[in-house]
Amino acid sequence: MSKDQLVEEIKKMRAAIREHRDSTGQQLCWHHPKLWGLLPEKTDPKISVPEWPEFMKGCVRYRLSLDEQPNGQQLSKTMNRNPKTIALEFNDSINNRNIEMLSTLMTDDHTFIDTAENHVIGKQNCVAAWNKFFEAFPDYKNIFATVSSNGNNVTMEGHSTCSDNRLEGNAIWTAKIEDDKLSEWRVYEDTYDNRTKLKLKNYVL
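First residue of the sequence shown? That's 13 in the numbering used here, and the numbers climb one at a time after it.
Structure representation (structure tokens):
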């Protein structure tokens, strides 16, 4: 390239980098083929992403890293996030025993309901209950096979794993989202009656 052509290429790349830098909200999560297209070699990038649990760990780590940086981020007061993403982050926090993130994702009047329909009401009470649960069952995890949403209500189907057999097996979870936080997290036994109640396909995973 001539000097003038090189200068023009540099200007284009600077403009693209600034556009990427100044992105906000969910735009920061997208891949940017327009930016890659400014490179002299023309390739078709093969996008590969991990499975949902590992993918969400990376998203949560990235979001937490912004809180650790001075002036690293500005919280949006108007943008509503995808309810499924919020529910998956909540579950990822359960699987990683991240009580701080669980608390952050709860509304003040958050309610937890277990399969026996026992209720724990209020963020402080729920945080205390999760702390005790994590101490008693440190290897407990939820693994989802499907995640669906209807407005701000999210439904997840899958199974739990734990060295304590009482906590292993198929289950259904529901989450209610309000202002990008969970107002309710509920666990159901995976039965035909519950599937009918939740309007799910009438079979047990």
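From the three backbone atoms N, C-alpha and C, an ideal C-beta is built for every residue, glycine too.
Query: Span of the alpha helix (DSSP H) around S160; Result: Unbroken run through S160 is the beta strand (DSSP E), K153 to N162; no alpha helix (DSSP H).
Query: Distance, I189 Cα to R93 Cα; Result: 10 Å
Query: Uninterrupted beta strand (DSSP E) stretches inside the region 160 to 214 (no shorter than 3 residues); Result: 165 to 173, 181 to 190 and 193 to 201
Query: Exposure of F124, with buried meaning 16 or more beta-carbon neighbours within 10 Å; Result: buried
Query: Y74 burial status per 10 Å Cβ neighbour count (16 or more: buried); Result: exposed
Query: Beta carbon of I111 nearer than 8 Å to that of V132; Result: no
Query: Proximity to I59 [Cα-Cα], best of D126, G49, E66 and P45; Result: P45
Query: Residues bridged to F124 (per DSSP); Result: V132 and W197
Query: N- and C-terminal bounds of the alpha helix (DSSP H) containing K23; Result: K15 to R33
Query: Backbone CA spacing between W48 and S14 [nearest angstrom]; Result: 22 Å
Query: Top-ranked residue by Cα proximity to W197, from D151, D126 and D104; Result: D126
Query: Candidates R178, E101 and A148, of which the one nearest P65 by Cα; Result: E101
Query: Residues that M118 bridges to, as DSSP identifies them; Result: L194
Query: Contact between the region 158 to 169 and the region 134 to 149 (3+ Cβ pairs under 8 Å); Result: no
Query: Rounded separation between A28 and I98 - CA only; Result: 30 Å
Query: Minimum C-alpha distance to I155 - residue among E20, R30, G181 and M113; Result: G181
Query: Other residues of its chain near Q213: CB distance less than 8 Å, five sequence neighbours each side excluded; Result: Just to set this straight, residue 213 is Lys in the shown sequence, not Gln. Contacts found: R207.
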